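Participant: Residues 26 to 325 in the numbering used here are what the sequence shown spells out, letter by letter. Every residue, glycine too, gets a C-beta built ideally from N, C-alpha and C. The structure displayed is predicted, hence computed values, not measured ones.
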Amino acid sequence: MIITLILIFFNSLLLLFSAEAINAAREGLETWLINVVPALFPFMVATNIILKTIVIKPSKIGIALSKIFNIYNPFFLPFIVGFTAGAPLSSKVIAELLRKNEITQNEAQRLLSFCSNIGIVFILGTVGSILNDIALAKNILIIHYLSALVTGFLFRFYKYREQNIKLKINIDEKKQQAFSTVFKDSIIVSVKNILMIGGYIIFFSVIIQFLIISRVPHYISQISEYEQIKALAYGFIEITTALNYTNSAIVITTILSFTGISIISQSIAFLEKTGINFKVFILSKILHATIAFILSTIVF
């Protein structure tokens, strides 16, 4: 009943503010096409190929990281993706490894706590451009990733008493696949996934526009006498829009670490039917944002 009322209200807003909704959807489409597709699509194709063809063997660094984060099956790929391309691609990789029985349920949950980050390209490119300060963007990047690692260390104790299981990877299955087939399938899957991400970005761009029209964050900021409330409110939903309302490194680092409902929703879409506890996942994002806020307050 509640969901039905929300949908009726949303459709009413679309009718009342159709011009604003169209402009917001257009801006979301431009953001997706200009920023997201070039930055994420090549990573998606390459990652899909790696998942289907390459077996990553344990290394000394991998063994050390396993002890730190309490993850004993191969997790080098989601770790690298999470700290380069970022979310939601890292969530897709974790979901694929879980479905293929290459990592355990608990390991997937722990990985999500510190691999669901914002990518390097977005922070140094988009954030650095908006702030017009690449040096500051680099500091934000360092704190964002450092707080992710702290979150991952804390989540090593998630279901700590349950015994770790060493899983076997079917190497023969990966060797049997022809590269041309793998490449074609990776392109098809990546196109589908990038289109889905675009849909989320466009939808949440419209939601943000309605929030701007309502001026609720503006009124709350006036009552509380804290101007950054607007940026925090917009960042809670979608981070790109929020960046236009603040130049505070503390606020930017905090909203980047939470990643916003839009990216969290995209990640959840990839994680469907994997058995992942989404409440725990969202809790990990809140913890990540809290640690980032504390560290950035100390640094900035």
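Using 8 Å for Cβ pairs, my map puts residue 212 next to residue 70. What's the rounded Cβ distance?
Facilitator: Confirmed, Cβ separation roughly 6 Å.
Participant: Helix, strand or coil, according to DSSP, for residue 143 in the structure here?
Facilitator: In this structure, residue 143 counts as strand in the three-state DSSP scheme.
Participant: For the alpha helix (DSSP H) containing residue 118, name the first residue and the last one.
Facilitator: That run of the alpha helix (DSSP H) goes 114 to 124.
Participant: Measuring alpha carbon to alpha carbon, tell me which of 158, 289, 134 and 208 ends up nearest residue 178.
Facilitator: Out of 158, 289, 134 and 208, 134 has the C-alpha closest to the C-alpha of residue 178.
Participant: Look up residue 111 in the DSSP assignment and give the residues it is bridged to.
Facilitator: Partner(s): 143.
Participant: So, do the segment 302 to 319 and the segment 169 to 184 have three or more beta carbon pairs nearer to each other than 8 Å?
Facilitator: Short answer: they touch.
Participant: Just tell me which of 288, 29, 36 and 151 has its CA closest to the CA of residue 272.
Facilitator: Nearest of 288, 29, 36 and 151 to residue 272, Cα basis: 151.
Participant: Taking residue 208 as the reference, give the member of 68, 73, 56 and 299 with the closest Cα.
Facilitator: Closest by alpha carbon: 73.
Participant: If we count the other Cβ atoms within 10 Å of its Cβ and call it buried at 16 or more, is residue 292 buried or exposed?
Facilitator: Buried is the call here.
Participant: In chain order, which continuous runs of the beta strand (DSSP E) of length 3 or greater are located wholly inside the segment 292 to 325?
Facilitator: Entirely contained in the segment 292 to 325, not one beta strand (DSSP E) run reaches 3 residues.
Participant: Using three-state DSSP, classify residue 210 as helix, strand or coil.
Facilitator: Of the three classes helix, strand and coil, the one that applies to residue 210 here is helix, per DSSP.
Participant: Please report the distance separating the alpha-carbon of residue 265 from that of residue 242.
Facilitator: So the two alpha carbons sit approximately 16 Å from each other.
Participant: Please look up how many angstroms separate the CB atoms of residue 165 and residue 278, rounded, as I've assumed it's under 8 Å.
Facilitator: Their Cβ separation, rounded to whole angstroms, is 5 Å, which keeps residue 165 and residue 278 in contact under 8 Å.
Participant: Do residue 148 and residue 162 count as a contact pair if the criterion is CB distance below 7 Å?
Facilitator: It is a contact, given that the beta carbons lie within the stated cut-off.
Participant: Considering only the beta carbon of each residue, do residue 137 and residue 118 sit closer than 7 Å?
Facilitator: Going by C-beta atoms, residue 137 is not nearer than 7 Å to residue 118.
Participant: Tell me where the alpha helix (DSSP H) around residue 260 begins and ends.
Facilitator: Here the alpha helix (DSSP H) through residue 260 covers 254 to 262.
Participant: If I measure Cβ to Cβ from residue 295 and keep anything under 7 Å in the same chain, skipping five residues before and after, which residues do I get?
Facilitator: Closer than 7 Å at Cβ, skipping near neighbours: 113, 116, 117 and 120.
Participant: Expressed to the nearest angstrom, what Euclidean distance is found between the alpha-carbon atoms of residue 323 and residue 169?
Facilitator: Roughly 13 Å between the two C-alpha positions.
Participant: At the level of alpha carbons, what is the spacing between residue 91 and residue 181?
Facilitator: Computed Cα separation, rounded: 10 Å.
Participant: The alpha helix (DSSP H) spanning residue 272 covers which residue range?
Facilitator: From DSSP, residue 272 is part of no alpha helix (DSSP H); its letter is neither H nor E.
Participant: In whole angstroms, give me the CA-to-CA distance for residue 76 and residue 229.
Facilitator: Computed Cα separation, rounded: 30 Å.
Participant: Can you tell me whether residue 46 is buried or exposed, with buried defined as 16 or more other CB within 10 angstroms of its CB?
Facilitator: By the neighbour-count rule (16 or more Cβ atoms within 10 Å), residue 46 is buried.
Participant: Quick check on residue 203: does DSSP put it in helix, strand or coil?
Facilitator: Note: residue 203 maps to coil in three-state DSSP.
Participant: CB residue 88 to CB residue 268, shorter than 7 Å?
Facilitator: No, the Cβ-Cβ distance between residue 88 and residue 268 is not below 7 Å.
Participant: Would you identify the three-state DSSP class for residue 135, choosing helix, strand or coil?
Facilitator: Helix.
Participant: Among the candidates 64, 44, 157 and 33, whose CA atom is the shortest distance from the CA of residue 222?
Facilitator: Residue 64 is the option with its Cα nearest to residue 222.
Participant: What's the call for residue 280, buried or exposed, on a 16-neighbour Cβ count within 10 Å?
Facilitator: Flag for residue 280 reads buried.
Participant: In this structure, does DSSP put residue 99 in helix, strand or coil?
Facilitator: Residue 99 falls in the coil class under three-state DSSP.
Participant: Please report the residue range of the alpha helix (DSSP H) in which residue 62 lies.
Facilitator: First-last of the alpha helix (DSSP H) with residue 62: 62 to 78.
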